[in-house]
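What follows is a single structure, written as structure tokens, with notes after it.
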Amino acid sequence: MNVEESWYSQLRDQWRPAQVKLLMIAESAPDDGGSLENRRFFYSDRLAADNLFRGVVSAMYGTTKDDLQQSGKRPWLQKLQQDGFFLIDLAPSPVNTLSRRNRRELLLQSVPGCVTRAQHLEPEGVVVVKADLYPMLACPLRAAGLHVLQDGPIAFPLGNTRADFVEGFDRARSRLTR
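Heads up, the sequence shown is in our numbering, so the first residue is 4 and it goes up one at a time.
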């Protein structure tokens, strides 16, 4: 499948800021398996196991798990939108159920389309999340005239790497012109 799931496209578009200041590129939306329980990031009704969302709002606003549990995602999605933050994915379709080889192949094939989508958004800066994506995207994004804000990979914010993510993301974000 080479097309983003329609439910995710609609959610993503709902939270697109008028002007993208900070564009983050992640791997792909996860395969939801047809279950609302597995929807992430832009799906504002669920917070459980949404490591990327938690990492981003922690890095940008210092939020804690308790903050998120008390307020839910919607106010933070609104704040991200107001602040010009937007997320796109390298691959337009989920890769989390693919074999390592097929996953890498699809990601590499998706680079040109991702760079084009990023260019159309005209962000002030770009952050690439997930250590293995940075080598695939950094040079093509820079060659396309986009300002990649980091000098190296930033880990995905799982529990054991969340602090590293927050530090790397915050350092990259600090390079945005104010």
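Ideal placement from N, C-alpha and C gives every residue a C-beta, glycine not left out.
{"Item": "Can you check DSSP and say which residues form a bridge with V131?", "Value": "I28"}
{"Item": "Could you check the C-alpha separation between E127 and R104 for me, to the nearest Å?", "Value": "33 Å"}
{"Item": "Just to confirm my understanding: we take S61, look at its own chain, exclude 5 residues before and 5 after, and list those with CB closer than 6 Å. What are they?", "Value": "V169"}
{"Item": "Buried or exposed for D86, going by 16 or more other Cβ atoms inside 10 Å?", "Value": "exposed"}
{"Item": "On a Cα-Cα basis, can you pick out the residue from R120, R57, S96 and Q122 that is closest to L110?", "Value": "S96"}
{"Item": "What does a CB cutoff of less than 6 Å around V151 pick up in its chain, not counting 5 residues either side in sequence?", "Value": "V129, A141, L144 and R145"}
{"Item": "From the DSSP output, read off the bridge partner residues of V151.", "Value": "V129"}
{"Item": "Report back the beta-carbon spacing between L90 and A29 to the nearest angstrom; my notes put them in contact at under 8 Å.", "Value": "6 Å"}
{"Item": "Tell me whether F168 sits in a helix, a strand or coil according to DSSP, three-state version.", "Value": "helix"}
{"Item": "I91 bridges to which residues according to DSSP?", "Value": "I28"}
{"Item": "Whole angstroms are fine: how far does the CA of P115 sit from the CA of L136?", "Value": "13 Å"}
{"Item": "Distance, Cα to Cα, P20 vs L93?", "Value": "19 Å"}
{"Item": "What residue range does the alpha helix (DSSP H) around D53 cover?", "Value": "Looking at the DSSP string, D53 is not in any alpha helix (DSSP H), and its letter there is neither H nor E."}
{"Item": "Would you decide whether A166 is buried or exposed? Buried here means 16 or more other CB atoms lie within 10 Å of its CB.", "Value": "exposed"}
{"Item": "Quick check on this structure: which residue in V132, G162 and N163 has the alpha carbon closest to the alpha carbon of D154?", "Value": "V132"}
{"Item": "Measure the alpha-carbon distance for N54 versus I157 and round it to whole angstroms.", "Value": "14 Å"}
{"Item": "Since I believe L25 is in contact with R120 (beta carbons under 8 Å), could you give me their beta-carbon distance rounded to a whole number of angstroms?", "Value": "Not a contact, Cβ separation roughly 15 Å."}
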